[in-house]
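The listed protein sequences derive, respectively, from chains A and B. Counting in the numbering used here, the first sequence tops out at residue 353, every number present. Counting in the numbering used here, the second sequence tops out at residue 706, every number present. Right, one structure below, let's go through it.
Number of protein chains: 2
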Amino acid sequence: MTSEASLQNFHSSPTTTKHKKPTTMSRVDTAPVEIGLNAAIVALTRDEPVVLTVRDNETSDGEMADGLPYGPFAPLEHRTLDIGLRTWVAEQTGLDLGYVEQLYTFGDRGRHAQPRDSDPHVVSIGYLALTRIDAAAEIQSGSWRSWYHFFPWEDWRKGRPEILDATIGPRLKEWATKDQGPSSQARPLDRQQRIRMCFGLDGAQWDEEKVLERFELLYEAGLVEEAHRDRPETAGGWGETPKLGAAMRYDHRRVLATAISRVRAKIKYRPVVFELMPDDFTLYELQKTVEAILGPHLHKQNFRRLVESAGLVEPTGEMKTRTGGRPAKLFRFRRDVLLERPAPGVRVKPGRS
Amino acid sequence: MTSEASLQNFHSSPTTTKHKKPTTMSRVDTAPVEIGLNAAIVALTRDEPVVLTVRDNETSDGEMADGLPYGPFAPLEHRTLDIGLRTWVAEQTGLDLGYVEQLYTFGDRGRHAQPRDSDPHVVSIGYLALTRIDAAAEIQSGSWRSWYHFFPWEDWRKGRPEILDATIGPRLKEWATKDQGPSSQARPLDRQQRIRMCFGLDGAQWDEEKVLERFELLYEAGLVEEAHRDRPETAGGWGETPKLGAAMRYDHRRVLATAISRVRAKIKYRPVVFELMPDDFTLYELQKTVEAILGPHLHKQNFRRLVESAGLVEPTGEMKTRTGGRPAKLFRFRRDVLLERPAPGVRVKPGRS
DNA sequence: CCAGATATACTCAATTTGAGCATATCGAAT
DNA sequence: ATTCGATATGCTCAAATTGAGTATATCTGG
Chain A
1 MTSEASLQNF HSSPTTTKHK KPTTMSRVDT APVEIGLNAA IVALTRDEPV VLTVRDNETS
61 DGEMADGLPY GPFAPLEHRT LDIGLRTWVA EQTGLDLGYV EQLYTFGDRG RHAQPRDSDP
121 HVVSIGYLAL TRIDAAAEIQ SGSWRSWYHF FPWEDWRKGR PEILDATIGP RLKEWATKDQ
181 GPSSQARPLD RQQRIRMCFG LDGAQWDEEK VLERFELLYE AGLVEEAHRD RPETAGGWGE
241 TPKLGAAMRY DHRRVLATAI SRVRAKIKYR PVVFELMPDD FTLYELQKTV EAILGPHLHK
301 QNFRRLVESA GLVEPTGEMK TRTGGRPAKL FRFRRDVLLE RPAPGVRVKP GRS
Chain B
354 MTSEASLQNF HSSPTTTKHK KPTTMSRVDT APVEIGLNAA IVALTRDEPV VLTVRDNETS
414 DGEMADGLPY GPFAPLEHRT LDIGLRTWVA EQTGLDLGYV EQLYTFGDRG RHAQPRDSDP
474 HVVSIGYLAL TRIDAAAEIQ SGSWRSWYHF FPWEDWRKGR PEILDATIGP RLKEWATKDQ
534 GPSSQARPLD RQQRIRMCFG LDGAQWDEEK VLERFELLYE AGLVEEAHRD RPETAGGWGE
594 TPKLGAAMRY DHRRVLATAI SRVRAKIKYR PVVFELMPDD FTLYELQKTV EAILGPHLHK
654 QNFRRLVESA GLVEPTGEMK TRTGGRPAKL FRFRRDVLLE RPAPGVRVKP GRS
């Protein structure tokens, strides 16, 4: 089953449609559709990237997995999609969002756990929101969870996670050699290669932006809980499969994966880090924040040279003394860069050696 | 009126929502919603970037503006969103799409020209498709139009377009000093600054990726036809306003603007140019293609060094002789780069001097 | 006062990038 | 046949950027 999101980067084999003559569009057979707005709200608590999760925004039906704040788009109430999102988030968590950005619209059937067949098909739009921890303290409901709780294999802060070679690698290789189905010919990259590229195995290098591709691959391979929840008939051998990260409701883990991918990519070419920082900060704190998101992306004092020469920050004149060593200058974000250069960001690179 | 898409890059002032206690989600007041799938299909004919337009896919109601191929998402027929898109495109134009990528989901009211209030609210999802010109020749309906036909101010191939200083600049400055409304305080960038950054006026530099921001600004300022079509009540003085590019139906010009933005951005970090090229090509043809999309982005023979050293291409061994000068080596795309490096692309830069 | 920790300044070489020169080969005009 | 215009392609060279390291300053805690 081809996941839709992977089409962002790969060809998909075109559907072999008969070439009908162009017809006038009919409005028949449009089954009811509901639009779900889902928010991945990201903050940082002590160098830990966290996401806001809620548990009980629907009647508790025994399922206790975490979920993201979400709600249906009501076009009569919400003038725009993101007003709708802000309204739902405020209502469910008490948080007024600042920075909000649309991620992706998912529409494939069978990824949203429809209780009844008569329920409307849900198309879900994922959003990324960034917030500071002081604003984040206001929340009235929901809880902050490390995003690595849901994606342990993405946590490279202490080096390569063991789960990669201990569990994920072997199970994926096993899956790669299993039944491929007849449609495997059309696929541009075969399973082996996709695994290699996604998870940086066999000499390929790890790309911290491929969060979504990795999750979709694990889903496709049936290695995450959601895959079995969505298609119980394929649950063979699920019992002995170890849990790979905590599951989420509906397709929320996919939305979160998209959010992480986006943050990791965007931090490099737009000054979004500062949405997560307090007004004043030291350069080391800034670096720690970037590393919390990207992983310890081998930088050094070059990092300070980078942000200073890029004009991203300016000294406040104050010092921070409780630093454990020599006092550090405090800096603030230079909002003027937005008026100067087209694409400023903390453009860290993979590293030469 | 804040355009929704501009939220990709700017803060928006949070809606001041009362903090209600989290409630169980109700399914009341969900007015019917229809999802429109819209395809901006881009190709290249003789160094001219073109987009596939259709005219008569709905009952002709006198309006004869161009539109993009589109159709409603029918969840019972279309397993995924992009299968739906491919189906509609095939039906309306006879073209089987190859590379397809989702762009953005627009949902704001009043941008989609609802004939009757009783009609369902339409949320439209924009897609970008890239195709080669030989495949593009197959089309049975619709016509290819230069994308600069709709966005003349984006055409920098012969230097800075006169329309910028002759028309757009003055009219925008006039609008900037007009009535700002009471909500202008909360706006992070005022009109002057937005104009400056979007259109590279007053010393700011032109950013070829800001296609959508520019169009949204013109829409907001009432300088494009669609603005008056959507809100006839504000049509004061529209008669004497010169036409800024050809209008499109519904919000299709916005979708096209998003598509151009995306192509221009993506060509720099993913090998998407090759979706537009024939199998074999000379390096100069490749450069011309890039320039047709980005504008003459001051490169030189450094371009060849770039693509060759990046391993993006490999020589076929053949030569192209009818080149007007010394015969050129033919190259083909090295598909293997996808397996080697994480983000290869024709990463041209603005230029130092 | 010292050890440990962090902050900050500065250096230096490898690499990348911007810009230009020189030469090769074709077609068309003279 | 020769010349000119146009393109192709190889090579050089200096400027800028980047990766990596060294040296020194100043705090906290023992």
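We put the CB at the ideal spot given by N, CA and C, even for glycine.
Given a cut-off of 7 angstroms on the beta-carbon distance, is the pair residue 565(B) and residue 610(B) in contact?
yes
Identify the continuous beta strand (DSSP E) that holds residue 87(A) and give its terminal residues.
Where residue 87(A) is concerned, there is no enclosing beta strand (DSSP E), although the alpha helix (DSSP H) it sits in stretches over 81-93.
Along the chain, where does the alpha helix (DSSP H) containing residue 405(B) start, and where does it finish?
For residue 405(B), no alpha helix (DSSP H) run applies; the uninterrupted beta strand (DSSP E) run containing it begins and ends at 401-406, by DSSP.
Just how far apart, CA to CA, sit residue 598(B) and residue 392(B)?
Cα-Cα distance, rounded: 20 angstroms.
According to the Cβ coordinates, are residue 86(A) and residue 462(B) closer than 7 angstroms?
Contact: no.
How is residue 127(A) classed by DSSP in three states: helix, strand or coil?
strand
From residue 254(A) to residue 523(B), what distance separates their C-alpha atoms?
46 angstroms
Please name the residue in 269(A), 225(A), 259(A), 198(A) whose C-alpha comes closest to that of residue 111(A).
225(A)
Among 582(B), 626(B), 690(B), 685(B), the one whose alpha carbon lies nearest that of residue 396(B)
626(B)
Restricting to Cα atoms, I'd like to know which of 422(B), 689(B), 634(B), 642(B) is closest to residue 676(B).
634(B)
Give the DSSP-derived three-state secondary structure of residue 27(A) in the structure shown.
Note that residue 27(A) has pLDDT 46, beneath the 50 cutoff, so the model's placement of it is unreliable and no number is given.
By DSSP's criteria, residue 419(B) is part of a beta bridge. Which residues make up the other side?
601(B)
Using a Cβ cut-off of 7 angstroms, which residues of the region 501-522 of chain B contact any Cβ in chain A, in chain order?
none
Just curious, the beta strand (DSSP E) that residue 686(B) is in, first and last residue?
681-686
Boundaries (first-last residue) of the alpha helix (DSSP H) holding residue 577(B)
For residue 577(B), no alpha helix (DSSP H) segment is defined, and its DSSP state is neither H nor E.
Note down the Cα distance separating residue 496(B) from residue 406(B), rounded to an integer number of angstroms.
So the two alpha carbons sit approximately 5 angstroms from each other.
Counting only the same chain and skipping the five closest in sequence on each side, list residues whose C-beta sits under 6 angstroms from that of residue 410(B).
Model confidence at residue 410(B) stands at a pLDDT of 48, short of 50, so the residue's coordinates are unreliable; what they give is reported in the following sentence. Excluding sequence neighbours, residue 410(B) sits near 445.
Which residues, in chain order, does the region 472-485 of chain B contribute to contact with chain A at a C-beta distance below 8 angstroms?
474, 476, 478
Of all the CB atoms in chain B, is at least one closer than 7 angstroms to the CB of residue 53(A)?
no
Can you tell me the Cα-Cα spacing of residue 158(A) and residue 173(A), whole angstroms?
25 angstroms
Buried or exposed: where does residue 262(A) fall if 16 or more other Cβ atoms within 10 Å of its Cβ makes it buried?
Under the 10 Å beta carbon count, residue 262(A) is surrounded by 16 or more other beta carbons and is classified as buried.
Please classify residue 219(A): does DSSP put it in a helix, a strand, or coil?
Under the three-state reduction of DSSP output, residue 219(A) falls in the helix class.
Among the candidates 66(A), 202(A), 214(A), whose CA atom is the shortest distance from the CA of residue 145(A)?
66(A)
Once you ignore the five residues that flank residue 561(B) on each side, which residues in its own chain have a CB closer than 8 angstroms to its CB?
Excluding positions up to five away in sequence, the list reads 507, 509, 617, 647, 648, 650.
How about residue 461(B): is its C-beta nearer than 7 angstroms to some C-beta of chain A?
Answer yes: the Cβ-Cβ gap between residue 461(B) and chain A drops below 7 angstroms somewhere.
Do residue 94(A) and residue 139(A) come within 7 angstroms of each other at the CB atom, strictly closer than that value?
yes
Among 450(B), 637(B), 502(B), which has the Cα closest to the Cα of residue 403(B)?
502(B)
Taking 6 angstroms as the limit between beta carbons, can you name the residues of its chain near residue 545(B), skipping five residues before and five after?
529
Note down, in chain order, every chain B residue with its Cβ under 9 angstroms from the Cβ of residue 211(A).
For residue 211(A), no chain B residue has a Cβ inside 9 angstroms of its Cβ, as the nearest lies near 13 angstroms away.
Members of the region 195-207 of chain A that neighbour chain B once the beta carbon cut-off is set at 8 angstroms
The region 195-207 of chain A vs chain B, Cβ under 8 angstroms: 196, 197, 204, 205, 207.
Give the list of continuous beta strand (DSSP E) stretches no shorter than 3 residues that lie fully inside the region 126-171 of chain A.
The region 126-171 of chain A contains these whole beta strand (DSSP E) runs: 143-146.
Residue 385(B) to residue 408(B), Cα distance in whole Å?
27 angstroms
Residue 205(A) burial status per 10 Å Cβ neighbour count (16 or more: buried):
Answer is exposed; the Cβ neighbour count stays below 16.
Measuring alpha carbon to alpha carbon, tell me which residue in 325(A), 336(A), 219(A), 292(A) is nearest residue 271(A).
336(A)
Rounded to whole angstroms, how far is the Cβ of residue 100(A) from the Cβ of residue 129(A), which I believe are closer than 8 angstroms?
5 angstroms
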